[in-house]
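So for the sequence shown, this note's numbering puts the first residue at 33; every next one is plus one.
Glycine included, every Cβ here is placed at the ideal spot set by N, Cα and C.
Notes to accompany the following structure.
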Amino acid sequence: MTKHELVDQALVSPIYLAGPGDPAWVTVPLTTVSRWTALNAPLVPHVVLTDPLSKSELRLEPVLEGPWWHVSHRDGRTGTNWHASFDGSTPVELIAAVTDALTHPGYPLRQPVAPYEPLRQAGWTVVPGRGAFLSPEGHVRGGRNTLAGSRSWQITARLDEDDPLWHAFLSAGTPTVILASLFKALASPEPARRSAEQMKGFPRRGITLEWERRPAEHVARALPERVEQLTSRRAAPSPPPSPAGGPGLAAAGRRIR
Numbered sequence: 033m034t035k036h037e038l039v040d041q042a043l044v045s046p047i048y049l050a051g052p053g054d055p056a057w058v059t060v061p062l063t064t065v066s067r068w069t070a071l072n073a074p075l076v077p078h079v080v081l082t083d084p085l086s087k088s089e090l091r092l093e094p095v096l097e098g099p100w101w102h103v104s105h106r107d108g109r110t111g112t113n114w115h116a117s118f119d120g121s122t123p124v125e126l127i128a129a130v131t132d133a134l135t136h137p138g139y140p141l142r143q144p145v146a147p148y149e150p151l152r153q154a155g156w157t158v159v160p161g162r163g164a165f166l167s168p169e170g171h172v173r174g175g176r177n178t179l180a181g182s183r184s185w186q187i188t189a190r191l192d193e194d195d196p197l198w199h200a201f202l203s204a205g206t207p208t209v210i211l212a213s214l215f216k217a218l219a220s221p222e223p224a225r226r227s228a229e230q231m232k233g234f235p236r237r238g239i240t241l242e243w244e245r246r247p248a249e250h251v252a253r254a255l256p257e258r259v260e261q262l263t264s265r266r267a268a269p270s271p272p273p274s275p276a277g278g279p280g281l282a283a284a285g286r287r288i289r
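Next up, the structure:
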């Protein structure tokens, strides 16, 4: 493929029905921007990345049944422990929303008080008291489970009641800044970009699909531009934490009801 060659690219919306995409959208920024390192196991068909302080980990492990993606964070100093898992069909943009929030220079100092607000503004049905939400056409349903006083979140996308596309789980203790980033990605009006190869055999129901022909060099620039954006984010000074009771944000560790 030459850089001046034109290639077909699919624009798929809503983003949560766009199919998995390229895992490099998640893994490359972690290794090049945040300096996560990979476990060297060439004979094992999975990827394990850890942050420089060994507090956070990403595992990508293809399995026949169950989740492929696992993101976890454990901080003994603050007592913050949480994990999230996603099926292999989950769009990488949603997983990237979690890892981008986790690797933000300000994590976890600023915690949104209203993580569901992006969903509400996008026309989703939201019941914050129950932690429940439903996409406008009903294809994505999420909710909070409360067992023995512990809260976790489940999210499922499906075209039909008996035809699930992907499932996500976020454990009790997941910071609201992680939830807010994920919910914002779910509600994003921006279409996901997929190659013609990624669209082969893809179910076309429930989506809006447009095709465009773009120079191959422009398509290839998408990931480097994402890396550049995240690099500049790390270079910029982090804003100070909002005072307690400030609009829309709370200090980390404060319980939000």
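Whose C-beta lies closer than 8 Å to the C-beta of residue i among residues of the same chain, with five residues either side of it excluded?
i	result
G155	P168
I47	P123, E125, L126, A217, L218, S220, E222, P223, A224
R289	Since pLDDT at R289 reaches only 29, below the 50 mark, its modelled position is unreliable, and no value is offered.
R265	H136, P137
T131	V58, P61, L62, L90, V103
L134	S88, V103, H105, I210
V159	F165
A70	T63, V79, V80, L81
Would you list the residues sitting across from residue i in a DSSP beta bridge?
i	result
G298	This structure leaves residue 298 out entirely; the chain is present only between 33 and 289.
N113	R106
P196	R190
S88	H105
D40	R245
V159	A164
Starting from the C-beta of residue i, find all residues in its chain whose C-beta is less than 6 Å away, skip the five residues before and the five after it, and write them out in chain order.
i	result
E37	A248
W57	V124, A128
I187	G174, A200
S184	N177, S203, A204
S66	T135
Just the C-alpha distance for residue i and residue j, rounded to the nearest angstrom, thanks.
i	j	result
G285	W114	Interpretation of G285 is limited by its pLDDT of 40, a score under 50 that renders its predicted location unreliable; the figure taken from the coordinates is listed afterwards. The alpha-carbon atoms of G285 and W114 are separated by roughly 13 Å.
T64	S213	21 Å
K232	A116	29 Å
K87	R245	42 Å
V259	E229	23 Å
V79	G163	32 Å
E149	P74	43 Å
G108	T240	45 Å
W243	L179	46 Å
A50	L85	34 Å
A42	G161	38 Å
F234	P77	24 Å
P94	W198	14 Å
R176	E97	23 Å
P147	T208	6 Å
E193	P52	20 Å
P55	T157	30 Å
Y139	L151	22 Å
G170	N72	42 Å
P196	V172	10 Å
R226	L191	19 Å
G238	P256	31 Å
V44	R236	10 Å
How is the beta strand (DSSP E) around residue i delimited, first residue to last?
i	result
V124	Run containing V124: none in the beta strand (DSSP E); it sits in the alpha helix (DSSP H), 124-134.
V65	Here V65 belongs to no beta strand (DSSP E), and DSSP marks it neither H nor E.
L96	Counting along the chain, L96 falls outside any beta strand (DSSP E), and DSSP gives it neither H nor E.
L71	Premise fails: L71 is in no beta strand (DSSP E) and is neither H nor E.
L49	Premise fails: L49 is in no beta strand (DSSP E) and is neither H nor E.
L166	164-166
L81	79-82
In terms of residues, what are the limits of the alpha helix (DSSP H) holding residue i?
i	result
P144	Taken as a continuous stretch (DSSP letters only), P144 belongs to no alpha helix (DSSP H), being part of the beta strand (DSSP E) at 142-144.
L151	149-153
Near residue i, what residues of its chain come up, given a Cβ to Cβ distance below 7 Å and the 5 sequence neighbours on each side ignored?
i	result
P279	A caution first: P279 carries a pLDDT of 36, below 50, which makes its placement in the model unreliable, though a value can still be read off. Closer than 7 Å at Cβ, skipping near neighbours: no residue.
P61	R258, V259, L262
G120	P52, P94, W100
D40	A228, W243, R245
Ordered list of alpha helix (DSSP H) runs contained in the segment 202-255, each at least 4 residues: Along the segment 202-255, the alpha helix (DSSP H) occurs as fully enclosed runs of 4 or more residues at 208-218, 248-252, listed in sequence order.
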